[in-house]
Amino acid sequence: VKERVFPYTSISNLEKLLATKGYIAGVTNPIFSQRSSWWDVCCDLNDGKILVSAEYQKALDTCGEPEGPEGGPQKGDQASPTSGGFDRVDVLDAEFSAEVRVGLEMGRGDTWAREMISGYVERIVDLAFGDAASAADTACMAENMPRILLLKNTTQFRLHANRRGVSKSSGPCGRATMLLSRHVKTLQHGTPSERELDGILDYMVQTLDCQEKLVQLLTLLPEAKGGLYPIALCLFHEKRSVQDKATRLLRKFDDFKEGSLWLSALNFFLLRTYMRCKARQDREMESKKLTQETKKSTVDPVDRKTPPVDPQAKQEEAGKELRPDEATEDKPRARTSRTGRIRRASLGSTVV
């Protein structure tokens, strides 16, 4: 592909350009827009217009099913009733282009526009591979069927299929990447049932157990597609388990720098809801921890074990306790008797 892309070219390089079978080129000379024989599609960035050459338009209007290796229709491909024309495809592209223009006028920036275009193309390619995760994807596949049929008959599509098989099984998530990607598309474009949504969130919470896997998930959630918005939206679900699992998943992103940046990109209303759910989880965990500690400190009287008592040791201890009392009682008696004898002696001497 790199050999057929020319970010900038001029009239002096025209011979090499026209000799290339299929190319994308950037030019500034206005003469290129006047020579429709040099291109199939010309995008004028100054005027925002897209021109299609008459020859290429005629080929689009008369195209049918792509031919297989033996000249017949390719097996496994069933054209929709609109596969003979591109009217609906042109409408979809025009609507998407209008959406991108509005975003640029609102100041979203070139990065957002690139992510939007990349996501638009990637979704069509995924549909060409049959990755329809929802009814919306199935409808989109039917609308883009003329383009998909032409795409599947190209060499680049077959090469991409080989690379796609390798890339989908690589990375920190390994073979779980394909299932994870399908779950993300279901959250972005589909309307999963309560049970399906609970299962998707539970799978993500259990599978994404390290920062590398979480970063790989972020690559499937670009800012142009809302970022973490599809997950944060689950915080408003009526089922409590769905809310808790969505909160647990968002807390994983909140623990490292890249994830916190994605999280901070959510609107204030979603962030406020996340903070409220997070505080509720903290209170419940603290209450549960306190209850467990209370149970550990409280011993059941039935299970309490009293150590055996030695009778002799008990008797000696009782004797030790009595001796001080006895000594205390003897001292006053000795003092009283002694005082009495002294008095008698005194009285006796006086009489004498």
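Note that the sequence shown covers residues 4 to 355 in the numbering used here. Positions of the beta carbon are idealized from the N, C-alpha and C atoms, including for glycine.
With a threshold of 16 other beta carbon atoms within 10 Å, Val30 meets it and is buried.
The way I'd put it, the stretch 53-66 doesn't touch the stretch 108-119; fewer than three beta-carbon pairs between them come closer than 8 angstroms. Distance from the CA of Asn49 to the CA of Ser36, rounded to the nearest whole angstrom, comes to 12 angstroms.
A distance below 6 angstroms between beta-carbons, with the five flanking residues on each side excluded, links Leu253 to the following residues of its chain, in chain order: Tyr277.
Under the DSSP assignment, Lys52 falls in the beta strand (DSSP E) whose first and last residues are 52-55. DSSP, reduced to helix, strand and coil, places Ala142 within a helical segment of the structure shown. The three-state reading of DSSP puts Asp201 in helix, counting H, G and I together. A residue is called buried when at least 16 other Cβ atoms come within 10 angstroms of its Cβ; Val94 does not meet this threshold and is exposed. According to the DSSP assignment, Asp113 belongs to no beta strand (DSSP E) but to the alpha helix (DSSP H) extending over 113-131. Secondary structure note for Cys280: its alpha helix (DSSP H) is the uninterrupted segment 271-300. Boundaries of the beta strand (DSSP E) harbouring Asp47: 44-47, taken from the DSSP string. At a Cβ-Cβ threshold of 7 angstroms, Gly25 and Arg38 do not count as neighbours. A distance of 7 angstroms or more separates the beta carbons of Leu217 and Val245. In the same chain as Ala268, and ignoring 5 residues on each side of it, the C-beta atoms closer than 8 angstroms to its own belong to Glu226, Gly230, Leu231, in chain order.
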